[in-house]
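Here the numbering used here = 1-based position in the sequence shown + 5. Heads up, the beta-carbon is just placed ideally off N, CA and C, and yes, glycines get one too. Because the structure is a prediction, the values reported are computed rather than measured. Right, one structure below, let's go through it.
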Amino acid sequence: MAAFESWKALSLARTRSRTSSISSAKAEALPPPVLQSPTTPRRNKGYPGLRSTPSSRPGTSDGQTLGADHSRTRSVSDYVPDPVAVPKPRNIAVSSAGAPFEITESPTSMHREEYLGPQRRLSKSVARPLTPPQPTIQIERSHEDEPAAKRPKLEIFNARSISTGEPRSYEAIRILGQGTFSKVYLAVRQVDNDRKDNVDYMQDSTNMAGVRARSRRLVAVKVVEHGPAGGADAERIEVGLKREVDLLKSIQHPSLVHLKAFGNDDNARALLVMNYCPGGDLFEVASKHHEVLTPSLVRRVFSELVSAVRYLHQKYIVHRDIKLENVLLNIPVRVHSDVSNWQTLDRAVVTLTDLGLSRRIPEPPESPLLTTRCGSEDYAAPEILMGQPYDGRQTDAWALGVLLYALMEGRLPFDPLPGARGDPAVLRARTPHRIARCEWAWYKYGDEDGEWDPVKGAEFEGAHECVAGLLKRNTRRRPLAEIRELPWVKDGIQVDGGLRWVEEEL
């Protein structure tokens, strides 16, 4: 970790040189990147095509809803279900057991989850910085549509390849996202004249051939500042960054985020070079382009995610933050028509990102149970909400069940059904009760009683078996090893020799 130690030394030098008169506003720190979940700046939105509840709460920006009552700001709390009392709606992000937390109101319409830092007592609630690769670019928009005044000054980043240790240079194209102590750039790798091509990297791909060509040199570069002048927050950033880099270096799977290079510059900034995913995240796609989520594509996406999460679990790593926002598409929606068969496509279709809440669990015979409650309430398993020790492999499996249901139905399983009568705030407040009791129903593919309708869901029969097996109490929940062997999942990827990486680096 010579590069990391060099970054640390530069950080300490700059920290000591700062004066102590920094204002309190600047001294407030954003949490370390390792705690982040990669999302774009908060945008209210919803899945189209579903009926709204009779009323909605103020504060939305576009009036769209995901079942009208789904709030992306909900996060895991210390809530313990009570059969009588109805808890107040709240937005709680939790850290270690016993740590103080905030409770805030959240609007009923769908929007991206806010950063967990305020509840960890690290900063004010501000727009979240992003972890690359980030789909903040509109899926159908070309770079030429952006005002010239907003384009950042071109910058060159130098880092060393993780695989070979050789130096690499990357030229910034544009900013994908930014926060208080980090920025994410879309960049292109610089190559020798004899390896240059005629690809216009300033333009988005318009066909599959363009996606393949651009994947060879396009990257997402996460630039991390050294943090505030001293104090606990600077130490958190340093420790968090080292842990993130170490974890990323230890994994290699076509459907997991890929750390390609790492380094630091003369300004004491750490540089993380990762694969770029031009298709946006599943939240974006499911919100604006739900019609493209065909049974074939959903099957392929879920099969890849099961494979990726199983890979982590086999290395005794649990993700703990699986959700739509953390799954990125490697192929833009506008190029989907070029794919004739999703099951036989040789390259990874999705990338599971944000290992900020991931951690290693002890190997047998030690207990794998965890106690830290973290992540998003919408994807949290009952045992987490009830404050019980949990097996992160089981809770990851639950979250995959929630995600698959959302891809199928265009809503989350424990939100009030579209058109449900009653006060939206009260209906939403009962979501933790429904999760704790595993009370959910089918809507788009259900009968009048909310039971699975085999006629309506004929094309999703295999997916129904997966959801039904995953959204159960932990004592009856099917492990991913069993889910992986179901025909609908096992045959979801039909590629001889296994999946290839989406990028072919020069």
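DSSP bridge partner residues for residue i (one or two, in chain order)
{"i": "K227", "result": "V189, L277"}
{"i": "T356", "result": "L333"}
{"i": "F419", "result": "None, per the DSSP bridge assignment."}
{"i": "W457", "result": "G451"}
{"i": "L375", "result": "Y395"}
{"i": "G182", "result": "V189"}
{"i": "Y175", "result": "F162, R194"}
{"i": "L264", "result": "M279"}
{"i": "A479", "result": "In the sequence under discussion, the amino acid at residue 479 is Asn, which differs from the Ala named in the question. N479 pairs with nothing; no bridge assigned."}
{"i": "V311", "result": "Answer by DSSP bridge pairing: none, since V311 is not bridged."}
{"i": "I322", "result": "R365"}
{"i": "R505", "result": "R352"}
{"i": "N346", "result": "In the DSSP output, where bridge partners are listed per residue, N346 has none listed."}
{"i": "D286", "result": "L333"}
{"i": "N269", "result": "A275"}
Beta-carbon proximity of residue i to residue j, cut-off 8 Å
{"i": "L264", "j": "L253", "result": "yes"}
{"i": "L276", "j": "V228", "result": "yes"}
{"i": "R482", "j": "L475", "result": "yes"}
{"i": "G380", "j": "L408", "result": "no"}
{"i": "C282", "j": "L334", "result": "yes"}
{"i": "M513", "j": "V314", "result": "Because the chain in this structure spans residues 6 to 511, residue 513 falls outside the shown range and cannot be described."}
{"i": "V297", "j": "H231", "result": "no"}
{"i": "E414", "j": "Y384", "result": "no"}
{"i": "Q399", "j": "N479", "result": "yes"}
{"i": "H438", "j": "W457", "result": "no"}
{"i": "L432", "j": "L310", "result": "no"}
{"i": "G397", "j": "R378", "result": "no"}
{"i": "G268", "j": "A164", "result": "yes"}
{"i": "L422", "j": "A446", "result": "yes"}
Option in the options with minimal Cα separation from residue i
{"i": "I242", "options": "N212, S220, F186", "result": "F186"}
{"i": "S210", "options": "P337, V344, G268", "result": "P337"}
{"i": "Y410", "options": "P300, D501, S166, G497", "result": "P300"}
{"i": "I366", "options": "V332, D420, K320, G170", "result": "K320"}
{"i": "S195", "options": "S342, E176, V204", "result": "According to the sequence provided, residue 195 is Gln. The question's Ser does not apply to it. Checked all of S342, E176, V204; the closest Cα to Q195 is E176."}
{"i": "D326", "options": "E296, L360, Y316", "result": "L360"}
{"i": "V401", "options": "N331, G424, A430", "result": "The displayed chain sequence assigns Asp, not Val, to residue 401. Comparing Cα-Cα distances from D401 to each of N331, G424, A430, the minimum goes to N331."}
{"i": "D251", "options": "A291, T376, A266", "result": "A266"}
{"i": "L375", "options": "N346, P387, Y395, C471", "result": "Y395"}
{"i": "P172", "options": "F162, E464, I178", "result": "F162"}
{"i": "A486", "options": "R339, L317, P370, H294", "result": "L317"}
{"i": "P418", "options": "T436, D428, G424", "result": "T436"}
{"i": "R339", "options": "V216, L350, E240", "result": "V216"}
{"i": "I178", "options": "E388, Y206, G170", "result": "Y206"}
{"i": "E368", "options": "I322, D420, R489, R248", "result": "I322"}
{"i": "I515", "options": "R426, E453, W403", "result": "Coverage of the chain is limited to positions 6 through 511, which leaves residue 515 absent and any answer about it impossible."}
{"i": "R416", "options": "L287, A239, A273", "result": "L287"}
{"i": "V500", "options": "L350, N203, L390", "result": "L350"}
{"i": "V472", "options": "Q183, M279, V303, N272", "result": "V303"}
{"i": "G497", "options": "F465, E453, P484", "result": "F465"}
{"i": "S168", "options": "Q257, D428, I389, A425", "result": "Q257"}
{"i": "A434", "options": "E371, V460, D420", "result": "D420"}
{"i": "L191", "options": "V278, V204, G184", "result": "V278"}
{"i": "A273", "options": "A239, A291, K293", "result": "A239"}
{"i": "K477", "options": "R426, E453, P429, E388", "result": "E388"}
{"i": "P484", "options": "A430, S312, Q183", "result": "S312"}
Nearest-angstrom beta carbon gap, residue j and residue i [assumed within contact, 8 Å]
{"i": "A225", "j": "L261", "result": "Contact flag wrong, Cβ pair sits at about 14 Å."}
{"i": "R352", "j": "V507", "result": "5 Å"}
{"i": "G462", "j": "Y450", "result": "4 Å"}
{"i": "S308", "j": "V494", "result": "5 Å"}
{"i": "V189", "j": "R222", "result": "V189 to R222, Cβ: 17 Å. No contact."}
{"i": "L504", "j": "P259", "result": "4 Å"}
Minimum Cβ-Cβ distance from residue i to chain C less than 8 Å
{"i": "D205", "result": "Absence of chain C from the displayed structure is noted, only one protein chain being present."}
Task: the stretch 344-360 touching the stretch 434-452, judged by at least three CB pairs closer than 8 Å - done: no
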